[in-house]
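The block underneath contains the structure these notes are about, expressed in structure tokens.
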Amino acid sequence: MIIGLHLLAFVLYATAWVLQLRGFRRGREPGISGVTVAGAGLAVHAAGLLLYALSYRSLPLVGLGPASSSLALFISLFALAASVRTDLRAAGLFLLPLVLLLLGEAVVVGIEPTGRQIAFRGPWFVLHVSAIFIGYAGLAAASAAAIMYVFQFRALKRKEFGSVFGFFPALDSLDRLNKVGLAVGFPALSVGLLAGWSWTLTFGRGLALDKPGTILGIVTWGAYLVAITARSRPGPRGERAAVISALAFLVTLVAFLALQITAREAGFFL
Amino acid sequence: MDAATIALVGLSHHTASIELRERVYVDSASLRDTVRRMMESTAIHECVVLSTCNRTEFYLHAADPASAEAVAIGTVAARAGMSPAEVETCLYHRHGHEGVLHLFRVAAGLDSLVVGEAEILGQVGDAYELGLSLPESVGPVLHRLFQSAQAVGGAVRSETSLGRGAASIPSAAVRLAAKVFGSLEGRSAMVIGAGEMGITTLRCLLSEGISDVLVANRTLDRARETVAQIGGRAISLEDVWEEISDVDILVTSTSAAEPVVARDKLESSRGQVGSPLVVLDIALPRDVEPGVGGLPGIFLYNIDDLHKVVGATEEARRAEAAPAETLVADHATRFWRWYRSREVGPLIKGLRAHGEAVRLAELERLLLGLDGLSESDRDRIEAATRRLLNKLLHPSTVALRQAAADPNAINFLDRLREELGLAAVSPRSEGVMEEEIEGSGPTNGSVATESEEANETRS
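First to last, the sequence lines map onto chains Z and D. Residues in the first sequence are numbered from 9 upward in steps of one, following the numbering used here. Residues in the second sequence are numbered from 896 upward in steps of one, following the numbering used here.
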């Protein structure tokens, strides 16, 4: 049933993305249909995770499958929250593939407890993982906005009034989404890292710098610190901030993939 | 048949780059001289020049169209700084009915980059008005042609949906600004040049929530007049550089021959301003140096860019343009019938004169052989021959009027002209001729007017 709900959510998200792609191809501003379908996907997805929590009496935060699904839910929430503003519906074009990737991974590896649930519990752990996920989701939204900003900026500068011009939001709206994403994501990531550190202290251990999850968190935190700093410099900041935000996302993605490949516990470090 | 016809030589956004259009553009100051020089040619009977940012067209009524067109090509070449052969590649030519149809399509907005735009109708009217103010520039043919064009433009806008929600340069300007700023609520705008297009654009921006407006003009009084109508603050051109750092949208619409916004000056005035500046240069020649677009945080768009923005919308409108095209074609056919019928008028008159001469000669012969007829009998015979002649000529007159609009009937009409010994029509005496035509015909002698033609077409 849990897998079934996840599969249904996957199909709905995929449909929403296809609708977004169609709108993009036509160069028209996104309609309500894509948002509605994505919203239905979010509801089904949330139901699947709720069923997990009820079935296993544990939050879906531990293990690659449940953790990926939870992170996908947070990103989907951000996409839908952005879509409340009509001009930001297009954010789904970049956020939904991330959701699909994470949800697909969860379905493939299985959405089941790993047997380590006893070790990974308690308020510090829940705060740590939840905050990290909110941080990643916020930063994903900021990055999606940044990437769209770069494309829209270039379309406007080069006077290319095609799909990007028609479908992507206004530069100012994208800049605001980037700002909100950073404003929510960066503190949440910081809190998550601090909570994780505090949590390891309860075991009498320091900051686990040898753990892939810790490395990823610190790399991401550093990359986004640079992105926030770029926003505060004087002069026309829009494109510069967007490019740095997009690069920060790229750095995070590369770090994630490198750690997945090199770390022995790759399937677990999330 | 007379060789005089309506001829058109022109270039537009379809055939020429913005740079060439800028060079060929005839501003209102030099328009009079241009028309006057063209009218010096004996080949040209009438001339109206329509020059806008998108097109420069010479509408001619000429006895010798080839020579008249050569004069127009020479004028365009001189303005473009090119040889006539070089400029010819960017020109189009229309003759007769095709020329009429072209002007009607232009007036209806069907030939505009932004299909259905309303500005062109006013510009057609302005070109005609200017022609009227010049001696002998507008005669009976172009007078009727341009009046009909304005009527067609109005009819298309009132009778079809082409004009409804039509994209325009100002609305394209708003869309571009909105793609940078999102909502325009609370943004500031400056207009340099209080011309019609600039103010129309400003009105569009105001309707989107622009709150702070500055109007700069060469003459401060004109700027003050404008702000009195639409609000905002009037400033002189010298104050532009002090105020520009607080502006989000800059609209330039002057008639200056040289750019009024230089890259270096704008760069130093904006300094390290963090927010972007959208520069909408809707003037021709351009008011803003092209290099301004390369400055960080500045988005520069000229008139061609604005046209591109609404390109997609235009495609959709093209699909809706079919009823307008039908209406325009109908009016062009009606006009062409009138044009040809004014040429066939002398033929009808000649035919009637010939018939009358034959009638009188035959009547005289008849009466000579009939002695002893009373005066009343003679009158009755005279009236009977007159009625007979009218009844015989009526179908011929109708057929001639119809033949006037038929290109295949030219040889027939020429032959008839020869048979009747009639001379070619003098275009400069058409006003008199029209009155004469009105007085001839089968019963009351009138040749179909445009309204009658319309009734015929409808029936």
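All C-beta atoms, glycine included, are put in the ideal place defined by N, C-alpha and C.
Burial state of alanine 1256(D) (16 or more Cβ within 10 Å): Of the residues assessed, alanine 1256(D) falls on the exposed side of the cut-off, its CB having fewer than 16 other CB atoms within 10 angstroms.
Contact under 8 angstroms by Cβ, alanine 1111(D) with isoleucine 1130(D): Using a Cβ distance threshold of 8 angstroms, alanine 1111(D) and isoleucine 1130(D) count as a contacting pair.
Helix, strand or coil at isoleucine 1105(D) [DSSP, three-state]: Here isoleucine 1105(D) carries a coil assignment [DSSP, helix/strand/coil].
Residues sharing a beta bridge with phenylalanine 953(D), DSSP: Answer by DSSP bridge pairing, in chain order: Val904(D), Val944(D).
Rounded C-alpha distance that separates phenylalanine 133(Z) from alanine 238(Z): Going by the C-alpha atoms only, they are around 32 angstroms apart.
Proximity below 8 angstroms, CB of leucine 57(Z) to CB of serine 77(Z): Cβ atoms of leucine 57(Z) and serine 77(Z): closer than 8 angstroms.
Spatially closest choice to leucine 258(Z) from Leu224(Z), Tyr21(Z), Val188(Z), Ala99(Z), by CA coordinates: Nearest option by C-alpha distance: Leu224(Z).
Per-residue burial, aspartate 941(D) [other beta carbons within 10 Å of its own, 16 or more giving buried]: Before going on, a small fix: residue 941(D) reads as glutamate here, not aspartate. Glutamate 941(D) is buried by the Cβ-count criterion.
Neighbour-count burial assignment, threonine 94(Z), 16 or more Cβ in a 10 Å radius: Threonine 94(Z) is exposed by the Cβ-count criterion.
Coil, strand or helix - serine 171(Z) by DSSP: Looking at serine 171(Z) - three-state DSSP - the assignment turns out to be helix.
Isoleucine 939(D) vs valine 1009(D) beta-carbon contact at 8 angstroms: Contact check for isoleucine 939(D) against valine 1009(D) fails: the beta carbons are separated by 8 angstroms or more.
Cross-chain neighbours of aspartate 1200(D) in chain Z, by beta carbon under 7 angstroms: Chain Z residues near aspartate 1200(D): Lys167.
Same chain only: Cβ atoms within 7 angstroms of phenylalanine 82(Z), ignoring 5 sequence neighbours per side: Only Phe141, Ile142, Ala145 meet the Cβ criterion.
Beta-carbon proximity of valine 1173(D) to alanine 1050(D), cut-off 8 angstroms: Not closer than 8 angstroms, so no.
Three-way DSSP call (helix, strand, coil) for valine 1205(D) in this model: Looking at valine 1205(D) - three-state DSSP - the assignment turns out to be coil, as it is neither helix nor strand.
Contact set between the segment 1061-1085 of chain D and chain Z, restricted to residues whose Cβ is under 7 angstroms from the partner: Look at the segment 1061-1085 of chain D: the residues with a C-beta under 7 angstroms from a C-beta of chain Z are Ala1073, Lys1074, Val1075, Phe1076, Gly1077.
Assumed close pair leucine 1057(D), alanine 1219(D) - CB separation to whole angstroms, cut-off 8 angstroms: Sure, about 5 angstroms apart at Cβ, within 8 angstroms.
Reference arginine 1232(D); option with closest CA among Glu1259(D), Arg1165(D), Leu1295(D): For arginine 1232(D), the closest alpha carbon among the candidates Glu1259(D), Arg1165(D), Leu1295(D) is that of Leu1295(D).
From Ser1102(D), Glu1091(D), Leu1161(D), residue whose alpha carbon lies closest to that of arginine 1082(D): Out of Ser1102(D), Glu1091(D), Leu1161(D), Ser1102(D) has the C-alpha closest to the C-alpha of arginine 1082(D).
Alpha carbon of aspartate 180(Z) to alpha carbon of leucine 96(Z), nearest angstrom: In a straight line, the C-alpha of aspartate 180(Z) is about 11 angstroms away from that of leucine 96(Z).
For phenylalanine 32(Z), the nearest candidate out of Ser171(Z), Tyr60(Z), His53(Z), Ser206(Z) (CA to CA): Of Ser171(Z), Tyr60(Z), His53(Z), Ser206(Z), the residue nearest in Cα terms is Ser171(Z).
Coil, strand or helix - tyrosine 157(Z) by DSSP: Tyrosine 157(Z) sits in a helix when the DSSP states are folded into three classes.
Among Val70(Z), Leu69(Z), Ala150(Z), Ser66(Z), the one whose alpha carbon lies nearest that of alanine 89(Z): It is Ala150(Z).
Reference threonine 1096(D); option with closest CA among Gly1267(D), Ser1148(D), Leu1265(D): Looking at Gly1267(D), Ser1148(D), Leu1265(D), the one whose alpha-carbon comes closest to that of threonine 1096(D) is Ser1148(D).
C-beta neighbour in chain D for serine 171(Z), strict 8 angstroms: Taking 8 angstroms as the CB threshold, serine 171(Z) stays off the interface with chain D.
Cutoff 8 angstroms: serine 91(Z) Cβ touching any chain D Cβ: Chain D contact via Cβ: absent.
Test: alanine 178(Z) CB closer than 8 angstroms to a CB of chain D: True, the Cβ-Cβ gap to chain D drops below 8 angstroms.
Cβ distance (whole Å) where phenylalanine 169(Z) is taken to contact methionine 156(Z) below 8 angstroms: Rounded, the Cβ-Cβ distance is 16 angstroms, inconsistent with contact.
Contact set between the segment 152-165 of chain Z and chain D, restricted to residues whose Cβ is under 8 angstroms from the partner: Those residues of the segment 152-165 of chain Z placed with their C-beta closer than 8 angstroms to a C-beta in chain D are Gln160, Leu164, Lys165, ordered along the chain.
Bridge-paired residues (DSSP) for phenylalanine 1194(D): When beta bridges are read from the DSSP output, phenylalanine 1194(D) appears opposite Val1173(D).
Buried or exposed (CB count within 10 angstroms, at least 16 for buried), serine 1335(D): With a pLDDT of only 37 at serine 1335(D), under 50, the local geometry of the prediction cannot be trusted, and the value read off the model is given with reservation. By the 10 Å Cβ count, serine 1335(D) comes out buried.
Under 7 angstroms by beta carbon: chain Z residues contacting phenylalanine 953(D): Correct list: empty, because the minimum Cβ distance to chain Z is about 31 angstroms.
Cβ of lysine 1160(D) within 8 angstroms of any chain Z Cβ: So no, lysine 1160(D) is outside the interface.
Identified DSSP bridge partners for arginine 1128(D): According to DSSP, residue pairing for arginine 1128(D) in a beta bridge involves Leu1109(D).
DSSP-derived helix/strand/coil call for alanine 1084(D): Three-state result, alanine 1084(D): strand.
Beta-carbon contacts of leucine 1311(D) that lie in its chain and below 7 angstroms, excluding the five residues immediately before and after: Leu1242, listed in sequence order.
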